[in-house]
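Just so we're aligned: 81 in this note's numbering is position 72 of the sequence shown, and the numbers increase by one with no gaps anywhere.
Note that CB positions come from ideal geometry on N, CA and C, so glycine has one too.
These notes are about the structure you will find just below.
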Amino acid sequence: MDTNRGEARGAAGIDRREFVARLLRACPDALVVTGLGSPSYDAFAAGDRDRTFYLWGAMGGATPLALGLALAQPTRPVLVVTGDGEALMGLGGLATVAAQQPANLTIVVLDNGHFGETGMQRSHTSLGTRLAEVARACGIARSDEIRSIDEVDALAARIAAREGPAFAQVFIASEEVPRALPPRDGAYLKTRFRQALGLGPI
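Structure, rendered in structure tokens:
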């Protein structure tokens, strides 16, 4: 494990769009919850799916929402794709995940060390906070740092096997990429997601 602290991400990081696209292709059966901003754009750019629930707003809400989904759908792999800023806003959710220990939940944090939606200010992860260590301290034993795109297949295999709860901090490049905006109609997203689960309208 790399023990450097306070590093700023740069061009040497993983290409976020390629990583997300490869991960989602390798996890076709996963129920996906994306954090606001760039992770939602990345997932949408990889191909819109009715089993993806994009969060617009709800800063810090991706992991708690996915936890509820994982508990309600224990036979399906549930995947969170979010960013370091959103994860930092909802750290308490990691402790609740650890308390519940859902085997089918995996949290993937795309960490560029910046708050991408508010002007690319440096986030706490480039100032010393190690999210994988935080998750492990909360009680998520399988918490890894990913620094190579070659690790995506092993991560996808763990997601499919439902060997969770698991947490992966993925060190991505800090360069911004063009936005690919998913649907913003919350009622539509909710309805199609429920239909994908075989549930009726509410």
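C-alpha distance - residue i paired with residue j, whole-angstrom precision
i	j	result
S183	Q109	33 Å
D11	L88	Below a pLDDT of 50, predicted positions are generally treated as unreliable, and D11, at 40, falls in that range; the measurement from the model is reported next regardless. Rounded to the nearest angstrom, the two C-alpha atoms are 25 Å apart.
T138	R145	13 Å
L76	V106	7 Å
G46	V118	13 Å
R14	G148	Residue confidence for R14 is low, a pLDDT of 43 falling below 50, so the modelled location carries little weight; the figure read from the coordinates is stated next. Using only the alpha carbons, I get a separation of about 22 Å.
V29	D59	17 Å
A165	P86	10 Å
R18	A54	Note that R18 has pLDDT 48, beneath the 50 cutoff, so the model's placement of it is unreliable and the number below is only indicative. Looking at the two C-alpha atoms, the distance is approximately 22 Å.
G122	G92	9 Å
F202	A52	15 Å
L206	D38	11 Å
Y63	P48	9 Å
L114	D153	14 Å
E16	A170	Low per-residue confidence applies at E16: pLDDT is 49, beneath 50, and the placement is therefore not dependable, though the value from the model is reported in the following sentence. Going from the Cα of E16 to the Cα of A170 covers about 33 Å.
G33	V90	The amino acid at residue 33 is misidentified as Gly; the sequence shows Leu. Their backbone Cα atoms lie some 10 Å apart in a straight line.
G69	G209	28 Å
E185	R25	10 Å
W65	D159	30 Å
DSSP state of residue i mapped onto helix, strand, coil
i	result
T138	coil
Q82	coil
D120	strand
R151	strand
Q110	coil
A182	coil
R25	helix
A175	strand
A30	helix
R145	helix
G69	coil
L103	helix
Cβ-based burial, residue i [other Cβ within 10 Å; buried from 16]
i	result
P83	exposed
A81	exposed
G173	buried
L190	exposed
S157	exposed
Q178	buried
E142	exposed
P192	exposed
D120	buried
A150	exposed
G99	buried
Residues that residue i bridges to, as DSSP identifies them
i	result
R167	According to DSSP, which records beta bridges pairwise, R167 is partnered with nothing at all.
F202	Looking at the DSSP assignment, F202 forms no beta bridge with any residue, so it has no partner.
V161	DSSP lists no partner for V161.
V89	V42, I116
T61	V41
Boundaries (first-last residue) of the beta strand (DSSP E) holding residue i
i	result
L40	40-43
Extent of the continuous alpha helix (DSSP H) run through residue i
i	result
G94	93-98
S47	47-54
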